[in-house]
Each structure stands twice: as structure tokens, then as C-alpha cells.
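Start counting at 1 in the sequence shown, then tack on 4, and there's your number in this note's numbering.
Here is the structure we will look at, set down as C-alpha cells.
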Amino acid sequence: MNPISTVLKLAPTNSRSSQPSQDSVAVSLQGVSKTYATASGENVNALQKINLDIRSQQFVSVIGASGCGKTTLLRIIGGLEPEYDGDLLLNGSKRSGPTKDIGIVFQDANLLPWRTVLNNVLLPAHVLKLDIKQATARAYDLLDLVGLKGFESKYPFELSGGMRQRVAIARALVHDPSVLLMDEPFGALDALTREHMNLELLKIWQSAKKTVFMITHSISEAAFMSDRVIVMSPRPGRIIEDVVIGLPRPRNLDLLSDAAFGNYTRRLRHLLDHGEDAPATGNEASGRVHYD
């Protein structure tokens, strides 16, 4: 099944709530575990007792070895994994399926080749039966925000990989969700384009004021983009450490050569290499660790 169509089959809501304040908890995972049954009948523990709170408008990244359950965790938050143990709360309410509060960007932009850029962005509005006039105005604003003003009538084959991902980001935001989930959104891009897209995403995040939960395999990308980096253990996935990134904002590429940035990336690398045996070198506070 196409993941986009799955995400968009949402229950209608009667009214849109106002954007949550920065002090509120946008996403709360409480004792979340997930076990899969294989074709041979064996049970595989993908996630084990995940407890995580993400405040509204935070940018949180998740890193960990392949197969550690990162994508499973994202799918649970996005309502794509209905069967799991524990509780998921979005903006204070229990959820167990897809919701308008969520937008998702996948590694593959998944644009429909027969639709123009504008009509790809408007796809969620049609599926959710939103007011198309209002949605179209918002789509134009979003395309301007992601740097694609003037490309509304182009088709996906006429765009570069980075441009297609920008369309995917605009599409994920057109129904005005409060939480944006991103699963390796720039993993298929070359290094230079990826750096540029990191900067663009930060501008979009700061302007749109969304809560972002991003999966990445890049340690430097996680440290550069995030307020917090969640480090996960190999399967069954558990949170090894919740590292608060105390670097100033707004951020630019000069930060990549900063000594403090290097300290963060070395610590994250050490946590990935040594897991829960990695010695702490920061100051623990409220279950989170700061490294300066």
C-alpha cells in the first residue's frame, strides 16, 4: 500500500485547534513497545518500553543502527502501526491511528508524475475534502516558503531530487499539521544538496513553527538540525540517551567547524559505538544530558 494514501485516510475533524504553545507537549510516548511476528512464527521485539516527551515546536532527531526500530517508532507516531503496547498522546489526546495533526515526509518524495507541482501539494486537501480555494492559497504560500515559487505548473520529471523533496515538504504541510514526521528525507541526495536542504528545512521549521521528529543516519545532520538527539540501541530499540544540543540558533554551515559542534558529534558517535556502556561526560538534568 502506498504510504501516502495510508497517511491521508484520516478521520475528519469539526474544527482546527490553535497551534499548541511551546510549553505544551506535542508528542508523548508512554511505555511503547512493538513486537512483530515473522513468517516462521518467531516473535521479534522491535521496540522496548519507549518513554519520550517532545515539546511543541521542538526539532528532535533520532539516530541508531539499522534495524533498531527508528522507522517503526515514526510509524507509530504517524498512526501507521496500529498494534503496539503502551500509549501515544498527540497534543494531550490519546491517538491510535492517522490524524490531521500529522504530516509525513518520506525518503522518496512519492510525487504523482501526472500531477503538477501545485496539484501534488494539493493532494492532501482533496483527500481530506478541505476548502480547495483556501488550500490553494496556502499551497502557493508553501511553495514560496520552500523556494519553488514559479514552479507550480512544472511536473516531477522536470525537477531535481532536492526540488522534489521540497514539494513533498510543502505537501506534508498543506493541511497545517502541528507535527511533521520526516523519515530520512534527504538520504538520497548528494552531500552538497543535502547541506543546502538542511538549511532550507531549518528556515521552513522556524517559519512554520511545527514540531519536527526526524530520522537520520547522519550524526552531523542530527546535531546540526536538532534541539535534541535521541540515540537508540540496537534491536530491541531502546533510548540510550536523550542529548540536548545547546548550540545557538539560527544555525549556518560555519557551525560545522565549531569546536562545540565537534564535541556533540563525537559524543553521539561514541554513544552509537558503545551504547549504554559509553561514559557520561555531560551534566545530567531531567533525564537529559548536555554536552558543551
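All C-beta atoms, glycine included, are put in the ideal place defined by N, C-alpha and C.
Item: Touch test, the segment 64-79 against the segment 239-253, Cβ-Cβ under 8 Å, three pairs minimum; Value: yes
Item: Environment of L276 [buried if 16+ CB atoms lie within 10 Å]; Value: buried
Item: Closest residue to L92 among T220, F190 and L33 (Cα-Cα distance); Value: L33
Item: Contacts around Q62, its chain only, beta-carbon distance under 7 Å, and the 5 residues preceding and following it disregarded; Value: T215, D231 and R232
Item: Proximal residues to E85 (C-beta, below 6 Å), its chain only, five neighbours per side dropped; Value: R79
Item: Beta-carbon proximity check, L272 vs V247, cutoff 8 Å; Value: yes
Item: Nearest candidate by alpha-carbon position, reference D105, set A113, P254 and L177; Value: L177
Item: Span of the alpha helix (DSSP H), counted from its first residue to its last, around R175; Value: G165 to L177
Item: Beta-carbon proximity of T220 to A226, cut-off 8 Å; Value: yes
Item: Three-state secondary structure assigned by DSSP to G151; Value: coil
Item: Proximity to Q210 [Cα-Cα], best of I108, P254, I234 and V183; Value: P254
Item: Cβ pair count under 8 Å reaching 3, the segment 126-143 against the segment 157-173; Value: no
Item: N124 vs R175 beta-carbon contact at 8 Å; Value: yes
Item: Burial state of L257 (16 or more Cβ within 10 Å); Value: exposed
Item: Candidates A113, L122 and D148, of which the one nearest K137 by Cα; Value: L122
Item: Classification of V48 by the beta-carbon crowding that lies within 10 angstroms, buried from 16 upward; Value: exposed
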